[in-house]
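*Asks:*
Number of protein chains: 2
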Amino acid sequence: MKQKPILSIVKIGGAIIEDSIALKTFLEDFSAIQGPKILVHGGGRDASKMEERLGIETQMHQGRRITSAQSLEVISMVYAGKTNKTIVALLQSMGCNAIGLSGADANCIKSHKRTGTEIDYGFVGDIDEVNTDHIAALINHFCPVFCAITHDGKGQLLNTNADTITSAIATAMSETHQVNLYYCFEKQGVLLDIDNPESLVKSLNKNYYKELLDQGVIAAGMVPKLQNCFEAIDKGVHQVVIGPNTLFRETSTNYTKITAE
Amino acid sequence: MKQKPILSIVKIGGAIIEDSIALKTFLEDFSAIQGPKILVHGGGRDASKMEERLGIETQMHQGRRITSAQSLEVISMVYAGKTNKTIVALLQSMGCNAIGLSGADANCIKSHKRTGTEIDYGFVGDIDEVNTDHIAALINHFCPVFCAITHDGKGQLLNTNADTITSAIATAMSETHQVNLYYCFEKQGVLLDIDNPESLVKSLNKNYYKELLDQGVIAAGMVPKLQNCFEAIDKGVHQVVIGPNTLFRETSTNYTKITAE
Numbered sequence: 002m003k004q005k006p007i008l009s010i011v012k013i014g015g016a017i018i019e020d021s022i023a024l025k026t027f028l029e030d031f032s033a034i035q036g037p038k039i040l041v042h043g044g045g046r047d048a049s050k051m052e053e054r055l056g057i058e059t060q061m062h063q064g065r066r067i068t069s070a071q072s073l074e075v076i077s078m079v080y081a082g083k084t085n086k087t088i089v090a091l092l093q094s095m096g097c098n099a100i101g102l103s104g105a106d107a108n109c110i111k112s113h114k115r116t117g118t119e120i121d122y123g124f125v126g127d128i129d130e131v132n133t134d135h136i137a138a139l140i141n142h143f144c145p146v147f148c149a150i151t152h153d154g155k156g157q158l159l160n161t162n163a164d165t166i167t168s169a170i171a172t173a174m175s176e177t178h179q180v181n182l183y184y185c186f187e188k189q190g191v192l193l194d195i196d197n198p199e200s201l202v203k204s205l206n207k208n209y210y211k212e213l214l215d216q217g218v219i220a221a222g223m224v225p226k227l228q229n230c231f232e233a234i235d236k237g238v239h240q241v242v243i244g245p246n247t248l249f250r251e252t253s254t255n256y257t258k259i260t261a262e
Numbered sequence: 002m003k004q005k006p007i008l009s010i011v012k013i014g015g016a017i018i019e020d021s022i023a024l025k026t027f028l029e030d031f032s033a034i035q036g037p038k039i040l041v042h043g044g045g046r047d048a049s050k051m052e053e054r055l056g057i058e059t060q061m062h063q064g065r066r067i068t069s070a071q072s073l074e075v076i077s078m079v080y081a082g083k084t085n086k087t088i089v090a091l092l093q094s095m096g097c098n099a100i101g102l103s104g105a106d107a108n109c110i111k112s113h114k115r116t117g118t119e120i121d122y123g124f125v126g127d128i129d130e131v132n133t134d135h136i137a138a139l140i141n142h143f144c145p146v147f148c149a150i151t152h153d154g155k156g157q158l159l160n161t162n163a164d165t166i167t168s169a170i171a172t173a174m175s176e177t178h179q180v181n182l183y184y185c186f187e188k189q190g191v192l193l194d195i196d197n198p199e200s201l202v203k204s205l206n207k208n209y210y211k212e213l214l215d216q217g218v219i220a221a222g223m224v225p226k227l228q229n230c231f232e233a234i235d236k237g238v239h240q241v242v243i244g245p246n247t248l249f250r251e252t253s254t255n256y257t258k259i260t261a262e
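So the sequence lines, in the order shown, correspond to chains A and B. Going by the numbering used here, the first residue of the first sequence is number 2, and it counts up by one from there. Going by the numbering used here, the first residue of the second sequence is number 2, and it counts up by one from there.
(1) Does any residue of chain B bring its CB to less than 8 angstroms from the CB of V79 (chain A)?
(2) On a CA-only basis, which of B:V125, B:Y209, B:L91 is nearest A70 (chain B)? Give me that one, please.
(3) Considering only the alpha carbon of each residue, which of B:Y209, B:H42, B:L192 lies closest to A220 (chain B)?
(4) Is it buried or exposed for S200 (chain B), if we count other Cβ within 10 angstroms and need 16 for buried?
(5) Tell me, to the nearest whole angstrom, how far the beta carbon of I259 (chain A) is from that of C230 (chain A); I am working on the premise that it is less than 8 angstroms.
(6) Just reading off the alpha helix (DSSP H) that D121 (chain B) is part of, what are its end residues?
(7) Residues of the segment 106 to 133 of chain A in Cβ contact with chain B at a cutoff of 7 angstroms, in chain order, please.
(8) By alpha-carbon positions, which one of B:Y209, B:R115, B:K3, B:D106 ends up nearest to S77 (chain B)?
(9) Helix or strand or just coil, what does DSSP make of C144 (chain B)?
(10) I'd like to confirm the pairing. Which residues does DSSP put opposite L102 (chain B) in its beta bridges?
(11) What do you reckon, are the CB atoms on K5 (chain B) and T177 (chain B) nearer than 8 angstroms?
(12) So is K50 (chain A) in contact with chain B if we call contact Cβ pairs under 8 angstroms?
(13) Kindly identify the DSSP beta-bridge partner or partners of T257 (chain A).
(14) Please report whether the beta-carbon of Q71 (chain A) lies at a distance below 8 angstroms from any beta-carbon of chain B.
(15) In angstroms, rounded to a whole number, what distance separates the CA positions of C144 (chain B) and V202 (chain B)?
(16) Would you kindly work out how many angstroms separate the C-alpha atoms of A233 (chain A) and V11 (chain A), rounded to a whole number?
(17) With DSSP run on the structure shown, which of helix, strand or coil describes V224 (chain A)?
(18) Quick test of your reading: G104 (chain A) and I110 (chain A), contact by CB under 8 angstroms. State the CB separation rounded to the nearest angstrom.
(19) State the Cα-Cα distance for the pair E52 (chain B) and Q179 (chain A), rounded to the nearest angstrom.
(20) Note down, in chain order, each residue of its chain lying with its Cβ closer than 6 angstroms to the Cβ of Q240 (chain A), except the 5 sequence neighbours on either side.
(21) Examine the ligand COA and report whether any of its heavy atoms sits within less than 7 angstroms of the Cβ of I13 (chain B).
(22) Under a three-way DSSP split, which group does H178 (chain B) fall into?
(23) Would you say V41 (chain A) faces chain B, with C-beta separation under 8 angstroms as the test?
(24) Use the C-beta contact count for R54 (chain A): other C-beta atoms within 10 angstroms, 16 or more gives buried, fewer gives exposed.
(25) According to DSSP, what are the bridge partners of S112 (chain B)?
(26) Identify the contact partners of L24 (chain A) in chain B, using a Cβ-Cβ distance below 9 angstroms as the criterion.
(27) How far does the alpha helix (DSSP H) with R46 (chain B) in it reach, from first residue to last?
(28) Considering only the alpha carbon of each residue, which of B:Q93, B:A90, B:T165 lies closest to D127 (chain B)?
(29) Short check: CB of L159 (chain A) to CB of T151 (chain A), under 8 angstroms?
(30) Going by DSSP, what residue range makes up the beta strand (DSSP E) through K12 (chain B)?
(31) Helix, strand or coil for Q60 (chain B) per DSSP?
(32) By a C-beta neighbour count over all protein chains shown, 10 Å radius and 16 as the cutoff for buried, is M61 (chain B) buried or exposed?
(33) Could you tell me whether any Cβ in chain A is nearer than 8 angstroms to the Cβ of S103 (chain B)?
(34) What residues in the segment 144 to 169 of chain B have a beta carbon less than 8 angstroms from any beta carbon of chain A?
(35) For F186 (chain B), does the three-state DSSP call read helix, strand or coil?
(36) Would you call the segment 80 to 94 of chain A and the segment 128 to 143 of chain A in contact, with 3 or more CB pairs under 8 angstroms?
Here's what the structure looks like:
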């Protein structure tokens, strides 16, 4: 059997986007990744700041944003406009042929408005379909940079969690590619003690994860991230790594590798 | 000689973007255009409104925006975020496979910061190069929707007039395509009397244009538009039409056709 071509998919979080020096360093490392690659970025903190400037109240429920019409407008502006284009222009200056996209562009990610939940999350989209043909056509020429916006195919933009977008793209692209998935953030990876970088878990399989969950040592914010990771592995993603924003430095050895067994 | 494939390039202005019903009607007509096509949109009025909401002073000089760093941020948000993605989502709902772009995306339009002028226009870019290979790759699969932002290739986004972007793309793509260029706005076309739609000039060549200029009957705002049109014709664009936002209705007969001779 012919081996599938490698595709690297990288997610960066909100904190690095606000730190222009760290962002530039990260993007230089990202540019150097060989072969086809996709970047997905969040930006919730920046959107909240813009909401504050505009006098719009940021509504959250259990760490998830409730997206009013006003809030969706701000998200479109900050994610797809400011953040996405800033990243694209920087990558272009580094010789990476970036193309910035929302899930509406090229109909890449279709979702439906979330319904039937205890509270109304507003204009939040749960993903139905990733258009692998269109993404495959794009990665032949360009490096797609996705922001955390999808659409319902009926003209409505929807706010979708960037981690979820990342794993949905990774899973869908695994049909045709050997996908290596990287979640970058401000920590070293999965830590047994959140305040101690020395407590890094270098390798995490399902059994060990369950054990750590039972012991209650996994930070609350990490749980949905790790669930996404194991789901991705189960659905055919070749490899998942959670690590720091400096993950792609040649000298980098500290990160958490997620494995099935 | 083999005939070049037809490419339709359409520019819409700021007024229609603020009128959601007119915009939807226009986009339905645009969706129905056969063959490869590109849409370019402005959005200056909407950007000015957002500046007002954010307490940023909109600075203008002879009808051109002076683009401070703060103003560039707003422009990135409004043009590339809000307006571009709203249009893309609507086009997708109409079966048009739109992909929203700034000139930084896929390195489509490279410019340099304007210098050597009497006043400092700030982050305004004059176009150096349109990347026809990348645009050609995109129109094979998608319908590019460009906003009025370019980049300098060194990481800096720049604000560039949407009419200028449109004619630059049209001129560059004329090498390989028979380009039909359409400027849509709120008037019927070139009017001898701006308040009288009956005074429409249905066909305008260079000599007649010079005559009208000498008579002072061309509205000030139309002069740069028409200069762009004649320049495009001179540089190989097949056909230029200036007309109303309803230009692509089957019943439409009122517009101004720009011809060389």
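We put the CB at the ideal spot given by N, CA and C, even for glycine.
*Replies:* Looking at the coordinates:
(1) For V79 (chain A), at least one C-beta of chain B is nearer than 8 angstroms to its own C-beta.
(2) Of B:V125, B:Y209, B:L91, the smallest CA-CA separation from A70 (chain B) is found for B:V125.
(3) A220 (chain B) has its Cα closest to that of B:L192, out of B:Y209, B:H42, B:L192.
(4) So S200 (chain B) ends up on the exposed side.
(5) That belief holds up - the Cβ atoms of I259 (chain A) and C230 (chain A) are roughly 5 angstroms apart, short of 8 angstroms.
(6) Secondary structure note for D121 (chain B): it is in no alpha helix (DSSP H), with a DSSP letter that is neither H nor E.
(7) Within the segment 106 to 133 of chain A, the qualifying residues are D106, A107, N108.
(8) Selected option, being the one with the closest Cα: B:D106.
(9) Correct three-state label for C144 (chain B): strand.
(10) Looking at the DSSP assignment, L102 (chain B) forms a beta bridge with B:F147.
(11) Yes. Within cutoff.
(12) Interface flag for K50 (chain A) against chain B is unset, since no Cβ pair is found closer than 8 angstroms.
(13) As computed with DSSP, T257 (chain A) is found in a beta bridge with A:I243.
(14) The beta carbon of Q71 (chain A) does not come within 8 angstroms of any beta carbon belonging to chain B, so the residue lies off that interface.
(15) Rounded to the nearest whole angstrom, the CA to CA distance from C144 (chain B) to V202 (chain B) is 31 angstroms.
(16) Their Cα atoms are separated by approximately 13 angstroms.
(17) Looking at V224 (chain A) - three-state DSSP - the assignment turns out to be helix.
(18) Confirmed, Cβ separation roughly 3 angstroms.
(19) Their Cα atoms are separated by approximately 46 angstroms.
(20) The answer, listed in chain order, is N181.
(21) The ligand COA is not part of the structure shown, which contains no ligands of any sort.
(22) DSSP places H178 (chain B) in the coil class of the three-state scheme, outside both helix and strand.
(23) Not closer than 8 angstroms to any Cβ of chain B, the Cβ of V41 (chain A) fails to qualify, so no.
(24) Burial call: exposed.
(25) The partner list for S112 (chain B) (beta bridge, DSSP) reads B:I128.
(26) Going along chain B, no residue has its Cβ under 9 angstroms from L24 (chain A), so there is no contact; the nearest lies around 11 angstroms.
(27) Note, R46 (chain B): alpha helix (DSSP H), 45 to 54.
(28) Looking from the CA of D127 (chain B), the closest CA among B:Q93, B:A90, B:T165 belongs to B:T165.
(29) Annotated as proximal: L159 (chain A) and T151 (chain A), with beta-carbon spacing under 8 angstroms.
(30) 7 to 13 is the extent of the beta strand (DSSP E) around K12 (chain B).
(31) In the structure shown, Q60 (chain B) sits in a strand (DSSP, three-state: E or B).
(32) Here M61 (chain B) is exposed: its Cβ has fewer than 16 other Cβ atoms, across all protein chains shown, within 10 Å.
(33) Yes, its Cβ sits closer than 8 angstroms to a Cβ of chain A.
(34) Correct list: I150, H152, G154, K155, G156, Q157, L158.
(35) Three-state DSSP puts F186 (chain B) in a strand.
(36) No, because fewer than three Cβ pairs between the segment 80 to 94 of chain A and the segment 128 to 143 of chain A fall closer than 8 angstroms, the two stretches do not touch.
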